[in-house]
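Peer 1:
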Amino acid sequence: MKIDIPKISPVLTEKRFTDIFYEEDPILETCQITGAEFTNEVVERVRIYDAVIRNCQFNHTDFSHIELTDVRFENCDLSNVNLTKSSIHRVEFIHCKLVGCEFPESSIGNVSFEDSTLNLATFGNAKLEKVIFQEAVLTNVDFYSCRFKKIEFNRCDLNETNFEATSLKGIDLSSSSFETLTVSLENLRGCKVSPYQAIQFASLIGLVVKD
C-alpha cells in the first residue's frame, strides 16, 4: 500500500523543543530538533508542522490534542506520552520507542511506524486510515473500538493485542506473529491469515484440529 509521506522542506532551521514555552501559540514549524529531553511536561494543543525530530526523549509528557503534520521522528523515545484526541497526519516514526503511548480518540492518517516498539500502547476509539506498521512490536496493544481503513501489519509482533469491537475485515495478518489475540468471530470475518494462524484461531474458539 502506498501512503502519503511527510512533505518536509529541504532546508530546516535548527530549534530547541523548549522554544514552545516562549511562544504565545505553541507551534514549531519548518525546523529540525535534535537531542532534546522534554520529559514529564504538560503542553496541550501543540502544533508541529514540517519538521524532523531526532534522538529526543519525551517520556511521560502530556501532548493531548497535539497536531502533527508532515513530521518525521527518528530514534525518539515517546514512552508513556499522552497523545489523546490528537491529529496525526503524514507522520513517520522510525526506530522509535512508544511503550505505553496513548492515542485514544485520535485521528491518524498516512502514518508509518517502522521498526518501532509500541508495547502496551492504547488506540481506543481512534480512527486509523492508511497506516502502516512495519516490523513493529505491538504486544499488548489496545485497539479497542477503532475504525480501520487501509491498515497494514507487516511482519509485526501482535501477541496479546486487543481488537475488541474493531473489525478486521480486509486486514492482512499473515506475515505477523502472535500466540493469542482478543477479537470476536464477527470482527474476524474477512481477515486474511496464514494457514498456521487459521489453526491458532480454530483452537481459540475451541475447535480441535486433527491431522
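Counted from 1, the sequence shown has number 106 at position 90 by the working numbering; the numbering is strictly sequential.
Ideal Cβ positions, reconstructed from N, Cα and C, are used throughout, including at glycine.
Taking C-beta to C-beta, are Arg106 and Pro22 nearer than 8 Å?
Peer 2: Yes. Within cutoff.
Peer 1: Would a C-beta distance cut-off of 8 Å place Asn91 and His111 closer than the cut-off?
Peer 2: yes
Peer 1: State the start and end residues of the unbroken beta strand (DSSP E) segment that holds Glu108.
Peer 2: 103-110 is the span of the beta strand (DSSP E), which, as asked, contains Glu108.
Peer 1: Threshold first: 3 residues or longer. Then list the beta strand (DSSP E) segments lying entirely within the stretch 57-109, N to C.
Peer 2: 63-70, 83-90
Peer 1: Specify, as a first and last residue, the run of the beta strand (DSSP E) that Asn170 falls within.
Peer 2: 163-170
Peer 1: Please classify Ile64: is it buried, with 16 or more other beta-carbons within 10 angstroms of its beta-carbon, or exposed?
Peer 2: buried
Peer 1: Could you please give me the residues that DSSP links to Gly125 through a beta bridge?
Peer 2: Answer is His105, Glu145, bridged to Gly125.
Peer 1: Tell me whether Asn203 sits in a helix, a strand or coil according to DSSP, three-state version.
Peer 2: helix
Peer 1: Restricting to Cα atoms, I'd like to know which of Ile167, Phe89, Cys117, Gly116 is closest to Thr182.
Peer 2: Ile167
Peer 1: Excluding the five sequence neighbours on either side, which residues of its own chain have a C-beta within less than 8 Å of the C-beta of Gln73, listed in chain order?
Peer 2: Ala52, Glu53, Phe54, Thr55, Cys92, Asp93
Peer 1: Mark Glu118 as exposed unless 16 or more other C-beta atoms lie within 10 angstroms of its C-beta, in which case mark it buried.
Peer 2: buried
Peer 1: Within the same chain, show all residues whose beta-carbon is closer than 8 Å to that of Met17, passing over the 5 residues directly before and after it, in chain order.
Peer 2: Lys146, Ile148, Lys166, Glu168
Peer 1: At what residues does the beta strand (DSSP E) containing Glu45 begin and finish?
Peer 2: 43-50
Peer 1: Label Arg163 either buried or exposed according to how many other C-beta atoms from any shown protein chain fall within 10 Å of its C-beta, with 16 as the threshold for buried.
Peer 2: exposed
Peer 1: For a quick check, are the C-beta atoms of Asp173 and Leu197 less than 8 Å apart?
Peer 2: no
Peer 1: Go ahead and pull the three-state DSSP assignment for Asp20.
Peer 2: coil
Peer 1: To the nearest angstrom, how far is the alpha carbon of Leu204 from that of Asn135?
Peer 2: 22 Å
Peer 1: I believe Val68 touches Ile24 by the beta-carbon criterion, under 8 Å. Please report the beta-carbon distance rounded to the nearest angstrom.
Peer 2: 6 Å
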